[in-house]
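Read through the structure below, which is laid out as structure tokens, and then see the notes.
Protein chains: 2
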Amino acid sequence: MQLHKRDVIDAAAALLDSYGIADLTMRRLARELKVSPGALYWHFPNKQALLGAVADRILQTVDDVPGDWRDRVEAVCARLRDALLSHTDGAELVSATFASGHSQAMARIVEVLADAATQAPVAPSKGELAARTVVYYVLGFTADEQSRLQWDASGAALPDEQAVLTTNPTERFAFGLRLLVDGMAAARAETVAAARNFE
Amino acid sequence: MQLHKRDVIDAAAALLDSYGIADLTMRRLARELKVSPGALYWHFPNKQALLGAVADRILQTVDDVPGDWRDRVEAVCARLRDALLSHTDGAELVSATFASGHSQAMARIVEVLADAATQAPVAPSKGELAARTVVYYVLGFTADEQSRLQWDASGAALPDEQAVLTTNPTERFAFGLRLLVDGMAAARAETVAAARNFE
């Protein structure tokens, strides 16, 4: 029976959800699919490429929305967080593929955020940096939130001084994002002030 | 010979620098120290506690500085990035201990940043959230930078579309931090505007 790329991604995503990222290896995946590891390498030259494809599957629901640049940034980031939280170790997997540059979905998300940032308007040459800053925040916040959820599920105790983290995570997430959005708007204020000086 | 806690941390930090976080296990560490794993558990109840102690060692140079709140945020974050980059997998290790709440040094860094944020002034009830937002950015940026450095060192190729990442990382780091600092200052602008409405 022929092994389709899509079947490999399905099986990898299922392994991730059931056992977590540490068990998502080429060897284990080949065993699940009852094929030789070589058959996997025909579709994916290396593990980074496979993880990138799994990340793209996880992120397929993260779309741009019509609207004001603030709405776009907030909606895309909320969808990104939801997608990461929907899969075991989702934030860790996507962070790794973002760093290795193997996720096309993350590249698209950076493009959307960069476009929104330049409407803020952040200078066009800085749009991608602003977008990546937002992405680092979303990935960092969500990885932290997800470790905590997974520990809670495993019954591990957390230190008392982390009481701030028991408050509504969606509100906490929105607060940090607002700092970044306000920072982008401040770049706008500078631009507008500079333009006025030329009037 | 008695096994001192300090010797365990020294050996763990040396293992990390030589082999990376994946090889920093209680079993491996016991072998290096020529003791039984039980001897380690006498000092550290679990691996998270050990990683926390290694994180505290890595972060011991990250101090507060006197000055304006912006200077403090920028200086502490620059020191934090330097400290993380000075150790193999430093960003990954510190991110993990930050999530588990086992690093006293990270707790202190959050306190300093929260204090600076409330001088911005962000509302006192939001200082810690603002501090954590900054920390997520610093950890996310630096983990990404460090994976890239470690891949470059291993000779692995990166996709072409990541050309933006070949520019000066210190400037890129400062840009994202400035967005956050401007966001905190915007909270200040709101507070000042609100105060004026009452005059």
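Taken in order, these protein sequences are the chains called A and B. Going by our numbering, the letters in the first sequence line up with residues 1 to 199, in that order. Going by our numbering, the letters in the second sequence line up with residues 1 to 199, in that order. Just so you know, even glycine gets a beta-carbon here, dropped at the ideal spot from N, CA and C. Quantities reported herein were computed from a predicted structural model and do not represent experimental measurements.
Practice prompt. Can you grab the Cα-Cα spacing for the pair Asp230 of chain B / Trp69 of chain A, in whole Å?
Written response: Outside the modelled stretch of chain B, which goes from 1 to 199, sits residue 230 of chain B, for which no answer is possible.
Discussion item. Within a Cβ cutoff of 6 angstroms, which residues of the same chain sit near Ala105 of chain B, ignoring the five residues on either side of it in sequence?
Written reply: Asp56 and Leu59
Worksheet item: Taking just the CA atoms, how far does Asp7 of chain B sit from Tyr136 of chain A?
Response: 35 angstroms
Worksheet entry | Assigned secondary structure, Phe44 of chain B (DSSP; H/G/I helix, E/B strand, else coil) | coil
Discussion item. Comparing C-alpha positions only, which one of A:Ala22, A:Asp82 and A:Ala11 sits nearest to Leu169 of chain A?
Written reply: This sequence places Pro at residue 169 of chain A; Leu is not what is there. Nearest C-alpha to Pro169 of chain A: A:Asp82.
Discussion item. In this structure, how does DSSP classify Ser154 of chain A when only helix, strand and coil are distinguished?
Written reply: helix
Discussion item. Closest to Gly90 of chain B by C-alpha separation, out of B:Val112, B:Tyr19 and B:Phe173, would be which residue?
Written reply: B:Tyr19
Worksheet item: Pairing CB atoms from the stretch 139-149 of chain A with CB atoms from the stretch 31-47 of chain A, are three or more of them under 8 angstroms?
Response: no
Worksheet item: Which residues in the same chain have their Cβ closer than 7 angstroms to the Cβ of His102 of chain B, if we skip the five residues on either side of it in sequence?
Response: Gln48, Ala49, Leu51 and Gly52
Worksheet item: Going by the CB atoms, is the gap between Val134 of chain B and Val62 of chain B shorter than 8 angstroms?
Response: no
Fill in: Option in A:Asp71, A:Gly140, A:Thr88 and A:Ala13 with minimal Cα separation from Ser154 of chain A
A:Thr88
Worksheet item: Can you name the start and end residues of the alpha helix (DSSP H) that Lys5 of chain A belongs to?
Response: Lys5 to Tyr19
Discussion item. At a CB distance below 8 angstroms, what residues from the stretch 114-144 of chain A approach chain B? Give them in sequence order.
Written reply: Lys126, Glu128, Leu129, Ala130, Arg132, Thr133, Val135, Tyr136, Tyr137, Leu139, Gly140, Phe141, Ala143 and Asp144
Fill in: Three-state class that DSSP yields for Val134 of chain A in the structure shown
helix
Discussion item. Within the continuous alpha helix (DSSP H) that includes Ala123 of chain B, where are the two ends?
Written reply: Per DSSP, Ala123 of chain B belongs to no alpha helix (DSSP H) and is neither H nor E.
Discussion item. I need the straight-line Cα distance from Arg79 of chain A to Ala185 of chain A, nearest angstrom please.
Written reply: 22 angstroms
Discussion item. My assumption, with CB atoms under 8 angstroms, is that Leu29 of chain B sits in contact with Ala12 of chain B. Please give the rounded CB distance.
Written reply: 6 angstroms
Practice prompt. State buried or exposed for Val94 of chain B, treating a residue as buried only when at least 16 other CB atoms are found within 10 Å of its CB.
Written response: buried
Worksheet item: Closest to Asn46 of chain A by CA distance: which of A:Gly140, A:Val122 and A:Thr25 is it?
Response: A:Thr25
Worksheet entry | Three-state class that DSSP yields for Ser36 of chain B in the structure shown | coil
Worksheet item: Using CA coordinates, which residue listed in A:Ala107, A:Gly183 and A:Glu128 is at the minimum distance from Ala114 of chain A?
Response: A:Glu128
Worksheet entry | Helix, strand or coil at Gln60 of chain B according to DSSP, with G and I counted as helix | coil
Discussion item. Is the separation between the beta-carbon of Leu139 of chain A and that of Gly183 of chain B shorter than 8 angstroms?
Written reply: no
Discussion item. Using beta carbons (cut-off 8 angstroms, strictly below), is Gly183 of chain A in contact with chain B?
Written reply: yes
Worksheet item: Does DSSP put Val65 of chain B in a helix, a strand or coil?
Response: coil
Discussion item. According to DSSP, is Gln2 of chain A part of a helix, a strand, or is it coil?
Written reply: coil
Fill in: Any C-beta of chain B under 8 angstroms from that of Ala99 of chain A
yes
Worksheet entry | With 16 other Cβ atoms within 10 Å as the buried cut-off, status of Ser86 of chain A | exposed
Worksheet item: Name the chain A residues whose beta carbon is nearer than 8 angstroms to that of Ser147 of chain B?
Response: Ala96, Ala99 and Ser100
Worksheet entry | the stretch 25-37 of chain A: positions lying closer than 9 angstroms to chain B by Cβ | none
Worksheet item: Taking just the CA atoms, how far does Pro66 of chain A sit from Arg172 of chain A?
Response: 25 angstroms
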